[in-house]
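Trainee: I'd like to ask some things about the structure below.
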Amino acid sequence: MNERVVESEVEPRTLLVDHLREGLGLTGAKVGCDTGQCGSCTVLMNGRAIKSCALLAVQADGAEVTTIEGANPATGLTDLQQAMWDEHGVQCGFCTPGMVLSLQQLLDDEKVLTEEKVRCGLAGNLCRCTGYQSVVRAVLSVAGQDGAPAHE
């Protein structure tokens, strides 16, 4: 979990999001819809964005799980997080942790990004505040696409 080994005993029916929040105090993953539709609970498991409200904690046994708390380098923000700040891609912040982790996977997977690819990558993350345009602009700036400078 976030680059360290965590051993926990959990009830077999405990959802991963509940264990993260209540058992481990990692509150970045939010409980939004409880149905896996909104993406607020998104974490990375073995480098893949997953909805932690749709996975039992025991299913993560032996997996590398990264929450938003573990996504930040010691120096501060990632390039993506800084671009989200710079481009005003964050408003209320409820969906932001899940969105950032989904977008990080997209940036890791795709060599060339377009607005369409970014919007498809965001399909599993609902936001009621941003309208997504500033988020798309932030991701494209990190990727150095559409004439935007790439972040170092």
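Offset between the sequence shown (1-based) and our numbering: plus 1062. Where is the CB? At the ideal position from N, CA and C, for every residue including glycine.
Have a look at ALA1122, GLU1065, ASN1108, ALA1136 and flag the residue whose alpha-carbon is nearest the alpha-carbon of ASP1080.
Mentor: When each option's Cα is compared against that of ASP1080, the closest is ALA1122.
Trainee: Take LYS1179 and list the residues in its own chain whose beta-carbon comes closer than 8 Å to its own, dropping the five residues that flank it on each side.
Mentor: Closer than 8 Å at Cβ, skipping near neighbours: LEU1168, GLU1172.
Trainee: Which whole runs of the beta strand (DSSP E) in the stretch 1080-1123 are 3 residues long or more, in chain order?
Mentor: Correct list: 1104-1107, 1110-1113.
Trainee: Would you mind reading off the limits of the alpha helix (DSSP H) that contains PRO1159?
Mentor: 1158-1171 is the span of the alpha helix (DSSP H), which, as asked, contains PRO1159.
Trainee: So VAL1201 and LEU1142 are in contact, right, with Cβ under 8 Å, and what is the actual spacing, rounded?
Mentor: Sure, about 7 Å apart at Cβ, within 8 Å.
Trainee: Classify GLU1073: buried if its beta carbon has 16 or more other beta carbons within 10 angstroms, exposed otherwise.
Mentor: With fewer than 16 other Cβ atoms within 10 Å, it is exposed.
Trainee: Taking Cβ positions, are SER1102 and GLY1085 nearer each other than 8 Å?
Mentor: It is not a contact, given that the beta carbons lie outside the stated cut-off.
Trainee: Between the beta-carbon of CYS1157 and the beta-carbon of LEU1106, is there less than 8 Å?
Mentor: No; because the gap between Cβ atoms is not below 8 Å, this pair is not in contact.
Trainee: Express the C-alpha separation of GLY1098 and LEU1184 in angstroms, rounding to a whole number.
Mentor: Near 14 Å, if we compare the C-alpha coordinates of GLY1098 and LEU1184.
Trainee: Please classify LEU1175: does DSSP put it in a helix, a strand, or coil?
Mentor: In the structure shown, LEU1175 sits in coil (DSSP, three-state: anything other than H, G, I, E or B).
Trainee: Using 8 Å as the threshold, is the C-beta distance between THR1192 and GLN1153 below it?
Mentor: Yes.
Trainee: From the DSSP output, in three-state form, read off VAL1152 for me.
Mentor: VAL1152 falls in the coil class under three-state DSSP.
Trainee: Where do the N-terminal and C-terminal ends of the alpha helix (DSSP H) with GLY1186 fall, by residue?
Mentor: First-last for GLY1186: undefined, no H or E at that position.
Trainee: Rounded to the nearest angstrom, what separates VAL1203 and GLN1144 at their Cα positions?
Mentor: The question names Val, but residue 1203 in the sequence shown is Ser. Those two C-alpha atoms are separated by around 10 Å.
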